[in-house]
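Residue numbers (the UniProt record's numbering): 13 to 445.
Here is the structure we will look at.
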Amino acid sequence: VARNRGETEFHQAVREVLDSLAPVIAKHPHYAEGALLERIVEPERQVIFRIPWVDDAGNVQVNRGFRIEFNSALGPYKGGLRFHPSVNAGIIKFLGFEQIFKNALTNQAIGGGKGGSDFDPHGRSDAEVMRFCQSFMTELSRHIGPSTDVPAGDIGVGGREIGFLFGQYKRLRNSYDAGVLTGKGLAWGGSLVRTEATGYGTVLFAQSMLATRGQSLEGKRVAVSGSGNVAIYAIEKAQQLGATPITFSDSSGYVVDEAGVDLDLLKQVKEVERGRVADYVSRRPGARLVTEGRVWDVPVDVALPCATQNELDGSSAATLLRGGCAVVAEGANMPSTPEAIEAFQAAGILYAPGKAANAGGVATSALEMEQNAGRTRWSFETAEAKLTAIMADIHDSCVAAAEEYGRPGDYVLGANAAGFTRVADVMIAHGVV
Ligand code: NDP
């Protein structure tokens, strides 16, 4: 804590992992030798840099950029870029730390990294976003590469931003290294299903959890938070599996649509118009906008937090449980506070942490890298079948690890134990480096 003063989200993420590893270390004490735990919580490299750019009014703006290359035991550093005003070293570090174990769970050859900036794309013109991305990549390009570090999107970084970032990388390097970024457009090296992957994967994970109790998503009422990339495609897959998502949100409030979310309208408002949730309500009879309280106040069977960290606290968890919620699968990274997780586990409901439930996004990014390396393109069906198989495998690895360490059904222990042991075994094989 003293070495990483003020990095509260990072402390929270490390504590969650290390606390749950106690039964793993008790059974295999060699994982605590050779300062392995001290090494795994220390990033291999962190870069913090200035991003100067010129806004539409001709004023010079200065933002701060970050890239944390946390762990390369399993492959090139891999993890998204976040553009949001709340971004700081502690947030990027917690995300990078989580990413190590998430990527290990996918069983693909990817290490853990994360990056971003305190730049806020909301309300900025396309030209401003482009100039910002070009300045960001001018520095970032020194540190990344298809075999070194492969960034992708996250909050505030979607197809538009990845396009501007890739264009600048290509110009600086004079090299068409498609595999240097993932989440690319389909015409220039992107993979089908990458856009949908995180949301789809989260819902597939929830379906697998329900199957362990002989149930399915069919007929279930679902609360989703957020209305970005993850939320939209979680809603889409939940609808495909017969559930009824009735909520979504952004930082201005949440929407309740008891008839079920009109996905075409939501995509039009959020993906095409880059509007706010109120724009949905104004065109959808029966839907209401709520600006007080939390989306978790709505009684549902299944909750899918898909917005941001610590958006679901202990009191929201108690409200969800009172409303009959029996499944929580995290599309976002660390959306539930430690108090919320404790409440879900004490109640014995199905709860899956983001590092397992939302791993479909990075898994499909690794599939994008695979297609880029092979100079090939798979059909939607091929890519989706691979995603479905990977999510089933992650689910089963979590279940098996939880059983092995004596806590069947504990997906927190299962995800941390399965992810940690894969990374730790390779770190031991590589020696003290
Ligand atoms: P987007 O930028 O597409 O959407 C984010 C959504 O969450 C928006 O609706 C946004 O509302 C809302 N939101 C963000 N921050 C806040 C906040 N502080 N308070 C309230 N609402 C907020 O991001 P993604 O959908 O890509 O990411 C969502 C979550 O999923 C993040 O935790 C991310 O780390 C995680 N994730 C994403 C993956 C991906 O493939 N994209 C992969 C794995 C995890 P507003 O527009 O008002 O800010």
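Backbone N, C-alpha and C fix where the C-beta goes; we use that ideal spot for every residue, glycine too.
Item, Value
"Collapsed DSSP secondary structure at residue 224 in the structure displayed", "coil"
"Residue 131 in three-state terms, based on DSSP", "coil"
"Cβ pair residue 129, residue 71 closer than 9 Å", "no"
"Residues that residue 61 bridges to, as DSSP identifies them", "77"
"Nonlocal neighbours in the same chain, by C-beta distance under 6 Å from residue 133, ignoring five residues either side", "95, 141, 168"
"Assumed close pair residue 342, residue 369 - CB separation to whole angstroms, cut-off 8 Å", "5 Å"
"C-alpha gap between residue 179 and residue 357, whole angstroms", "46 Å"
"Where the beta strand (DSSP E) through residue 188 begins and ends", "First-last for residue 188: undefined, no H or E at that position."
"Local conformation of residue 234 per DSSP, three classes", "strand"
"Host alpha helix (DSSP H) of residue 433 (start-end)", "423-442"
"Proximity to residue 366 [Cα-Cα], best of 355, 385, 344", "344"
"Contact test: residue 261 Cβ vs ligand 1 heavy atom, cutoff 8 Å", "yes"
"Per DSSP, cross-strand counterpart(s) of residue 94", "128"
"Contacting residues, own chain, Cβ-Cβ under 6 Å from residue 396 (five flanking each side not counted)", "205"
"Contact the stretch 370-378 vs the stretch 85-92: 3+ CB pairs below 8 Å", "yes"
"Residue 107 CB to nearest heavy atom of ligand 1 below 8 Å", "yes"
"Residue 39 classed as buried or exposed, judged by whether at least 16 other C-beta atoms fall within 10 angstroms", "exposed"
"Collapsed DSSP secondary structure at residue 209 in the structure displayed", "helix"
"Rounded Cβ spacing between residue 428 and residue 29 (contact assumed at less than 8 Å)", "5 Å"
"Exposure label - residue 408; buried when at least 16 CB within 10 Å", "exposed"
"Whether residue 439 touches residue 83 by CB criterion (9 Å)", "yes"
"Straight-line Cα distance separating residue 340 from residue 327", "15 Å"
"Proximity test, residue 60 beta-carbon vs ligand 2 heavy atom, cut-off 8 Å", "Summarising the ligand content, the structure contains ligand 1 and does not contain ligand 2."
"Boundaries (first-last residue) of the alpha helix (DSSP H) holding residue 358", "350-359"
"Buried versus exposed call for residue 224 [16 or more other C-beta atoms within 10 Å across all chains shown]", "exposed"
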